[in-house]
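The structure appears right after this line, and notes come after that.
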Amino acid sequence: MSDAVMPTYARIDLAFERGEGPYLYTAENRRYLDFAGGIAVNSLGHSHPKLVAALEEQGRKLWHVSNLYRITGGETLAERLVANSFADKVFFTNSGTEALEGAIKLARKYHSHNGNPQKYRIITCDSAFHGRTMTALSAAGNAKHLDGFGPQTPGFDHVAFENLNELRAAIGDETAAIMVEPIQGEGGIRAASMDFLKDLRTVCDEFGLLLIFDEVQCGNGRTGKLFAHEWADIEPDVLATAKGLGGGFPMGAFMATNKAAAGMVPGTHGSTYGGNPLAMAIGNAVLDVLLEDGFMESVISISDYTRTKLENLVANNPAIFEEVRGAGLMLGLKCRVPNTDVIAAMREGGLLSVGAADNVIRLLPPLVIERSHVDEAIAILEDVCKGMSQAA
Ligand SMILES: *Cc1c(COP(=O)(O)O)cnc(C)c1O
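Counting from 0, one number per residue, gives the positions in the sequence shown under numbering that gives the first Met the number 0.
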């Protein structure tokens with residue numbers, strides 16, 4: 000591995016040359032079944048023909064012009080997101096953490112615009128992950144991620160995930176918003192209950208706070224709805240997303256109702272690259288697939304199949320696994336042995352996954368997997384369990 004790359008990642012010594020659907024291939028042509036999905040990014044698998052076509056077509060026409068001009072592809076994508084969600088307004092970013100930054104700025108601006116500039120604090124949850132900018136790190140409050148980086152961005156109050164009493168007690172005169180991942184990803188695939196999500200809406204309405212959902216990981220069809228909060232039958236005021244939205248092209252968005260976005264007038268926010276024509280062409284191609292008739296139903300059906308198989312695996316291997324977590328194709332295996340050992344053994348067997356906090360293995364396959372792929376993954380997992388039981 001090259002010394003020239005800043006060593007902020009403990010990288011696996013493995014490089015891929017190409018991908019096709021749910022598979023990745025090394026230069027030596029070793030095939031891996033990719034249930035890491037670039038950390039929930041490759042929502043349509045690798046080299047999806049529609050995404051490749053969009054990339055090639057737009058690549059020949061126009062890549063970037065800046066937001067000094069109209070970007071018609073972005074207008075189309077924003078209108079489609081608005082038509083299919085709670086939101087009235089969309090701002091495109093390059094990443095998830097920038098989408099959160101935007102959402103946080105919007106929430107503060109909303110209150111200052113309405114004559115309450117003292118309301119700037121945002122309540123967030125323990126074991127949250129919102130990205131790696133200083134403000135996103137301060138929002139999540141993970142001491143390990145903050146260590147050595149100096150003063151935090153002020154204005155975040157942390158409460159236990161899913162603890163409504165603690166959350167209510169944290170609300171004060173300066174509170175502007177509550178910001179939550181409907182399903183915590185990095186924190187260990189912990190899905191908030193539908194009741195908790197509904198309660199968040201009620202509390203926000205009661206105190207005049209904005210409800211911000213971080214759907215960077217759980218959004219974009221991952222749970223069988225365009226956005227995960229839809230399962231709870233409630234709407235946020237603001238939502239940040241990214242990852243699956245670009246299917247592998249770096250892009251994100253924050254979205255809000257007209258009411259919440261009232262302060263975001265010309266000059267209040269910007270991005271040089273955000274929403275450029277190339278990103279927008281690919282985003283529209285991703286959405287073409289996600290919004291196809293029957294697509295979400297097929298995600299739900301393959302999710303149910305996968306979950307049942309994983310529940311069986313866990314039941315048959317109680318010394319290795321404790322439980323299955325998550326929703327849709329955002330699944331977690333809580334381990335009784337070190338998750339890193341299981342992940343390494345899976346990789347040896349040709350199945351890629353990704354770790355999360357709380358000793359969890361994340362399974363984030365492309366939304367287009369078929370039963371045969373799930374069966375293949377389960378067979379590898381069974382072999383891994385057999386190997387580990389024999390070793391024990
Ligand atoms: C990945 C992630 C982020 C950060 O996204 P980046 O694109 O890495 O900046 C923020 N929130 C959640 C929930 C995520 O999973």
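Cβ atoms here follow ideal geometry from the backbone N, Cα and C, with glycine treated the same way. In this text the structure is predicted, and so the values were computed from the model without any measurement.
Cβ pair residue i, residue j closer than 8 Å
i      : j      : result
Phe212 : Pro249 : no
Gln394 : Leu286 : For the chain, the structure presents residues 0 to 391; residue 394 sits outside this window and is missing.
Ala175 : His110 : yes
Gln216 : Gly184 : yes
Thr123 : His157 : yes
Arg361 : Ser352 : yes
Leu50  : Ile281 : yes
Gly140 : Phe155 : yes
Ala53  : Ala284 : yes
Gly187 : Ser126 : yes
Gly220 : Asn41  : no
Lys333 : Asp303 : no
Lys108 : Gly262 : yes
Ile301 : Val202 : no
Val298 : Arg324 : no
Met178 : Ile121 : yes
Gly408 : Asn338 : For the chain, the structure presents residues 0 to 391; residue 408 sits outside this window and is missing.
Ile418 : Leu350 : This structure does not reach residue 418, given that the chain is present from 0 up to 391, and the question cannot be answered.
Ser46  : Gly18  : yes
Leu295 : Gly218 : First, the residue type needs correcting, since residue 295 is Met and not Leu in the sequence shown. No, the pair does not count as a contact, with Cβ atoms beyond the cut-off.
Leu290 : Leu380 : no
Ala77  : Leu238 : no
Gly20  : Gly44  : yes
Glu214 : Pro181 : yes
Asn275 : His63  : yes
Nearest to residue i (by Cα), restricted to the options the options
i      : options                           : result
Arg189 : Arg107, Lys88, Ala260 and Phe160  : Phe160
Val81  : Leu350, Phe253 and Thr307         : Phe253
Ala255 : Asn316, Ala106 and Ser94          : Ala106
Met279 : Ala391, Ala26, Gly251 and Asp194  : Gly251
Phe34  : Glu27, Leu23 and Asn28            : Leu23
Leu208 : Ile103, Ser300 and Gly246         : Ile103
Phe455 : Thr267, Thr339 and Thr240         : This structure gives no information on residue 455, because the portion of the chain shown stretches from 0 to 391.
Glu173 : Ala191, His63, Gly348 and Gly114  : Gly114
Tyr272 : Leu67, Thr7 and Pro48             : Leu67
Leu244 : Thr25, Gly20, Asn93 and Gly130    : Asn93
Trp230 : Ser84, Gly274 and Leu380          : Ser84
Glu375 : Asn275, Leu309, Ala3 and Ala390   : Leu309
Pro48  : Arg306, Val288, Thr267 and Asp292 : Val288
Gly95  : Val264, Met345, Lys242 and Arg346 : Lys242
Asn162 : Ala191, His63, Ala142 and Pro153  : Ala191
Thr267 : Asp232, Met5, Ala390 and His112   : His112
Phe15  : Met5, Val4 and Arg30              : Arg30
Ile377 : Thr305, Arg346, Pro116 and Ala391 : Thr305
Ala260 : Leu210, Gln117 and Ser388         : Leu210
Tyr119 : Pro6, Arg131 and Thr152           : Thr152
Arg346 : Leu32, Asp292, Glu27 and Thr7     : Leu32
Gly293 : Asn164, Gly130, Leu225 and Glu27  : Leu225
Those residues which DSSP pairs with residue i across a bridge
i      : result
Gln183 : Arg189
Leu32  : Tyr22 and Leu350
Asp198 : None; Asp198 has no bridge partner.
Glu322 : Lys333
Arg370 : Note: Arg370 sits in no beta bridge, so no partner.
Met178 : Ile211
Phe253 : Phe90 and Ala239
Ile360 : Leu332 and Gly354
Gly246 : Phe248
Asp156 : Ile122
Ser17  : The identity of residue 17 in the sequence shown is Arg, whereas the question assumes Ser. According to DSSP, Arg17 bridges with Tyr24.
His45  : Gly20
Any non-hydrogen atom of ligand 2 within 7 Å of residue i CB
i      : result
Phe128 : Looking for ligand 2 in the displayed structure turns up nothing; the ligands present are ligand 1.
Test: residue i CB closer than 8 Å to a CB of chain D
i    : result
Thr7 : Absence of chain D from the displayed structure is noted, only one protein chain being present.
Kindly confirm or deny that the stretch 193-201 and the stretch 351-369 touch, where touching means at least three C-beta pairs closer than 8 Å. No, the stretch 193-201 does not touch the stretch 351-369.
Segment contact flag, the stretch 140-153 with the stretch 59-72, C-beta cutoff 8 Å, min 3 pairs: No, the stretch 140-153 is not in contact with the stretch 59-72.
At least three beta-carbon pairs within less than 8 Å, the stretch 311-330 to the stretch 368-388: A contact between stretches requires three or more CB pairs, one per stretch, nearer than 8 Å, and the stretch 311-330 meets this requirement with the stretch 368-388.
Is the number of C-beta pairs between the stretch 97-117 and the stretch 133-145 that are closer than 8 Å three or more? With the cut-off at 8 Å, the stretch 97-117 and the stretch 133-145 touch.
Is the stretch 6-22 touching the stretch 327-338, taking contact as three or more C-beta pairs under 8 Å? In short, these stretches do not touch, since the Cβ pair count stays below three.
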